[in-house]
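Enquirer:
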Amino acid sequence: MTQSVPMAEIWRGPFLESVHSGHAVVCDEAGQITHAWGDPEAVVLPRSSSKMIQALPLIQSGAADAYNLTSEQLALACASHQGAAIHTDRVGKWLDALGLVDDAFRCGPQIPADVPARDDLIKTDQSPCRIHNNCSGKHAGFLTLTQHLKAGPDYVDPDHPVQKACLDIYETLTQVTSPGYGIDGCSAPNYATTLHGMARAMAHFAAAPTGSPEERLRSAMMAHPELVAGEGRACTNLMRAMQGKVAIKTGAEAFFIAIIPEKKLGVALKIIDGATRASECAIAAILVKLGVLDPEHPETMKYLNAPITNFAGLKTGTLRAAPKLL
Numbered sequence: 001m002t003q004s005v006p007m008a009e010i011w012r013g014p015f016l017e018s019v020h021s022g023h024a025v026v027c028d029e030a031g032q033i034t035h036a037w038g039d040p041e042a043v044v045l046p047r048s049s050s051k052m053i054q055a056l057p058l059i060q061s062g063a064a065d066a067y068n069l070t071s072e073q074l075a076l077a078c079a080s081h082q083g084a085a086i087h088t089d090r091v092g093k094w095l096d097a098l099g100l101v102d103d104a105f106r107c108g109p110q111i112p113a114d115v116p117a118r119d120d121l122i123k124t125d126q127s128p129c130r131i132h133n134n135c136s137g138k139h140a141g142f143l144t145l146t147q148h149l150k151a152g153p154d155y156v157d158p159d160h161p162v163q164k165a166c167l168d169i170y171e172t173l174t175q176v177t178s179p180g181y182g183i184d185g186c187s188a189p190n191y192a193t194t195l196h197g198m199a200r201a202m203a204h205f206a207a208a209p210t211g212s213p214e215e216r217l218r219s220a221m222m223a224h225p226e227l228v229a230g231e232g233r234a235c236t237n238l239m240r241a242m243q244g245k246v247a248i249k250t251g252a253e254a255f256f257i258a259i260i261p262e263k264k265l266g267v268a269l270k271i272i273d274g275a276t277r278a279s280e281c282a283i284a285a286i287l288v289k290l291g292v293l294d295p296e297h298p299e300t301m302k303y304l305n306a307p308i309t310n311f312a313g314l315k316t317g318t319l320r321a322a323p324k325l326l
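In terms of our numbering, the sequence shown opens at residue 1 and continues consecutively.
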């Protein structure tokens with residue numbers, strides 16, 4: 001097995017204080033590796049970076065069209081959102097249209113990451129609901145597919161038709177037989193694959209023709225970056241910086257993917273210590289290297305060569321991409 005390589009560094013003055021290592025792969029439309037760092041065959045759990053794959057059966061089954069889902073709803077099906085009103089209002093209307101209530105979700109209640117939404121709950125002495133869960137959009141998609149298939153309510157069970165459909169398309173696009181799964185933070189199974197397999201799947205999304213299920217999902221993400229994550233989040237900030245030309249998606253424990261239609265490339269990366277700051281820096285560096293992200297854009301500089309400040313506002317260090325990544 002090839003060892004992981006340094007991907008992000010923390011410098012404090014002239015001292016290299018910390019290093020985050022990882023693996024990354026870039027694939028073309030044929031699934032061939034064009035760039036690789038570390039071990040392309042490392043087995044990984046893509047976590048929420050796989051949401052667009054999990055959303056594919058929603059369209060392929062005919063459920064999305066049968067329920068007249070909008071591009072906003074498709075973006076939410078791929079989202080790890082902040083729990084802001086812009087997210088929960090839309091997911092709530094979607095749930096109402098299905099004739100369901102909050103308890104239909106199998107994801108757990110979660111305090112919103114969005115500060116105004118969180119503060120509003122505190123001020124009104126309310127508890128968070130399942131709709132506030134960052135994965136509630138994905139679960140609304142699961143519920144839509146469940147109704148379309150006339151399947152039982154426990155849609156996160158690995159033996160449920162929804163999850164079987166997700167696994168089938170996952171293995172088809174990655175071209176890897178999954179060695180198993182872990183249970184994600186939202187209670188759904190998250191299937192393992194290789195980093196190469198995940199990059200291959202993202203390249204498939206990038207090369208998919210107009211009108212295909214894959215193109216509909218990537219276009220929804222690029223059209224609605226604020227729904228995919230939220231204000232202040234790297235996914236939203238960097239997609240805006242690339243002016244709707246690239247779809248990117250983070251996953252827990254420092255995973256990241258990118259879908260680059262104009263170059264028909266797919267990217268997958270994993271920071272092995274699970275540090276989100278490192279995965280955000282690394283994906284920005286790779287997008288700059290591939291020529292789709294302006295290194296001087298203000299949003300880029302929040303993640304690449306980003307200043308680290310202390311509570312007094314003094315610059316005390318820098319987060320930068322490791323030389324091998326560049």
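Glycine is no exception: its CB is placed at the ideal position from the N, C-alpha and C atoms.
Taking DSSP's pairing of strands, which residues face alanine 190 in a bridge?
Expert: For the purposes of this step, residue 190 is taken as the residue at position 190 of the sequence shown. Residue 190 is actually asparagine in this sequence, not alanine. BP columns for asparagine 190 point to Gly182.
Enquirer: Taking the C-alpha atoms as reference points, what is the distance between serine 50 and isoleucine 169?
Expert: In the sequence shown, counting from the first residue as 1, residue 50 sits at position 50. In the sequence shown, counting from the first residue as 1, residue 169 sits at position 169. Distance between the alpha carbons of serine 50 and isoleucine 169 is about 11 angstroms.
Enquirer: Rounded to whole angstroms, what's the CA-CA distance from glycine 13 to glutamate 29? Just pull it up for me.
Expert: Numbered from its first residue, the sequence shown carries residue 13 at position 13. Numbered from its first residue, the sequence shown carries residue 29 at position 29. The alpha-carbon atoms of glycine 13 and glutamate 29 are separated by roughly 42 angstroms.
Enquirer: Which residues share a DSSP beta bridge with threonine 129?
Expert: Counting from one through the sequence shown, the residue named residue 129 turns up at place 129. Here residue 129 turns out to be cysteine, not threonine, going by the sequence shown. In the DSSP output, where bridge partners are listed per residue, cysteine 129 has none listed.
Enquirer: Per DSSP, isoleucine 248 is paired with what?
Expert: Translated into the one-based positions of the sequence shown, residue 248 becomes position 248. In DSSP, isoleucine 248 forms a bridge with Ala258.
Enquirer: Kindly indicate which three-state DSSP category histidine 160 falls into: helix, strand or coil?
Expert: Stepping through the sequence shown from its first residue, residue 160 is reached at position 160. DSSP places histidine 160 in coil when its eight states are reduced to three.
Enquirer: Quick check: the Cα distance between tyrosine 155 and asparagine 134, rounded to an integer number of angstroms?
Expert: Numbered from 1 along the sequence shown, position 155 holds the residue referred to as residue 155. Numbered from 1 along the sequence shown, position 134 holds the residue referred to as residue 134. C-alpha separation (whole angstroms): 17 angstroms.
Enquirer: Near alanine 353, which residues of its chain fall below 6 angstroms by C-beta distance, leaving aside the five closest residues on each side in sequence?
Expert: Since the first residue of the chain shown is 1 and the last is 326, residue 353 is not available in this structure.
Enquirer: Answer with buried or exposed for lysine 324, where buried requires no fewer than 16 other C-beta atoms within 10 angstroms of its C-beta.
Expert: By one-based count along the sequence shown, residue 324 stands at place 324. Answer is exposed; the Cβ neighbour count stays below 16.
Enquirer: Closest to alanine 278 by CA distance: which of Ala306, Glu262, Pro261, Leu265 is it?
Expert: Working through the sequence shown from its first residue, we reach residue 278 at position 278. That would be Ala306, whose Cα lies nearest to the Cα of alanine 278.
Enquirer: Kindly indicate the opening and closing residues of the alpha helix (DSSP H) around isoleucine 59.
Expert: In the sequence shown, counting from the first residue as 1, residue 59 sits at position 59. Run containing isoleucine 59: 51-60, per the alpha helix (DSSP H) assignment.
Enquirer: Taking DSSP as the reference, what is the three-state secondary structure of serine 80?
Expert: Locating residue 80 in the sequence shown gives position 80, where the first residue counts as 1. Coil.
Enquirer: Quick one: residues in its chain with C-beta nearer than 6 angstroms to the C-beta of glutamate 141, no 5 flanking neighbours on either side, listed in chain order?
Expert: By one-based count along the sequence shown, residue 141 stands at place 141. Reading the sequence as shown, one finds glycine at residue 141 and not glutamate. These residues qualify, in order along the chain: Ala55, Leu58, Ala77.
Enquirer: Output the residue ranges of the beta strand (DSSP E) runs that lie fully inside the segment 204-235 and measure 3 residues or longer, sorted by chain position.
Expert: List check, beta strand (DSSP E) in window: nothing returned.
Enquirer: So what does DSSP say about phenylalanine 142, is it helix, strand or coil?
Expert: Here the question's residue 142 lines up with position 142 in the sequence shown. Helix, per DSSP.
Enquirer: Name the two residues that bound the continuous beta strand (DSSP E) containing cysteine 27.
Expert: Within the sequence shown, the letter at position 27 stands for residue 27. Start and end: 15-27.
Enquirer: Alanine 201 and isoleucine 53 - do their beta-carbons sit closer together than 8 angstroms?
Expert: Stepping through the sequence shown from its first residue, residue 53 is reached at position 53. Stepping through the sequence shown from its first residue, residue 201 is reached at position 201. Result yes, Cβ atoms of isoleucine 53 and alanine 201 sit closer than 8 angstroms.
Enquirer: What residues are listed by DSSP as bridge partners for alanine 42?
Expert: As a working note, residue 42 is residue 42 in the sequence shown. According to DSSP, which records beta bridges pairwise, alanine 42 is partnered with nothing at all.
Enquirer: Are the beta-carbon atoms of glutamine 73 and proline 213 separated by less than 8 angstroms?
Expert: For the purposes of this step, residue 73 is taken as the residue at position 73 of the sequence shown. For the purposes of this step, residue 213 is taken as the residue at position 213 of the sequence shown. Against a cut-off of 8 angstroms, the Cβ pair of proline 213 and glutamine 73 comes out as no contact.
Enquirer: Could you check if glutamine 365 is buried or exposed, using at least 16 other CB atoms within 10 Å of its CB as the buried criterion?
Expert: As shown, the chain starts at 1 and ends at 326. That puts residue 365 outside it, with no answer to give.
Enquirer: With a threshold of 8 angstroms between beta carbons, is glutamate 9 in contact with chain B?
Expert: No chain B is present in this structure, which holds just one protein chain.
Enquirer: Considering just the uninterrupted stretch of the beta strand (DSSP E) at arginine 320, what are its terminal residues?
Expert: For the purposes of this step, residue 320 is identified with residue 320 of the sequence shown, where counting begins at 1. 315-321 is the extent of the beta strand (DSSP E) around arginine 320.
Enquirer: Which partner residues does glycine 266 have in the DSSP bridge list?
Expert: In the sequence shown, residue 266 corresponds to position 266, counting from 1. Its beta-bridge partners are Cys27, Ile259.
Enquirer: Using the rule of at least 16 other Cβ atoms within 10 Å of the residue's Cβ for burial, across every protein chain shown, is valine 101 buried or exposed?
Expert: Against the sequence shown, residue 101 aligns to sequence position 101. Classification for valine 101: exposed.
Enquirer: Would glycine 31 and leucine 269 qualify as a contact pair, given that the criterion is a beta-carbon distance under 8 angstroms?
Expert: As a first step, residue 31 is located in the sequence shown; it is residue number 31 there, counting from the start. As a first step, residue 269 is located in the sequence shown; it is residue number 269 there, counting from the start. No, Cβ-Cβ distance for glycine 31 and leucine 269 is not below 8 angstroms.
Enquirer: Using a Cβ distance threshold of 8 angstroms, determine whether the segment 224-234 contacts the segment 81-92, with at least three qualifying pairs required.
Expert: The segment 224-234 is in contact with the segment 81-92.
Enquirer: Which first and last residues belong to the alpha helix (DSSP H) in which alanine 8 is found?
Expert: Here the question's residue 8 lines up with position 8 in the sequence shown. It is not in any alpha helix (DSSP H) - alanine 8 instead sits in the beta strand (DSSP E) that spans 5-12.
Enquirer: Report the residue from Lys150, Val292, Thr174, Ala322 whose alpha carbon sits nearest the alpha carbon of threonine 193.
Expert: Working through the sequence shown from its first residue, we reach residue 193 at position 193. Per the Cα distances, Thr174.
Enquirer: Consult DSSP for histidine 35 and reduce its assignment to one of helix, strand or coil.
Expert: Mapped onto the sequence shown, residue 35 falls at position 35. Histidine 35 falls in the strand class under three-state DSSP.
Enquirer: Are the segment 244-253 and the segment 41-49 in contact at 8 angstroms, needing three or more beta carbon pairs?
Expert: Yes, since at least three Cβ pairs between the segment 244-253 and the segment 41-49 fall closer than 8 angstroms, the two stretches touch.
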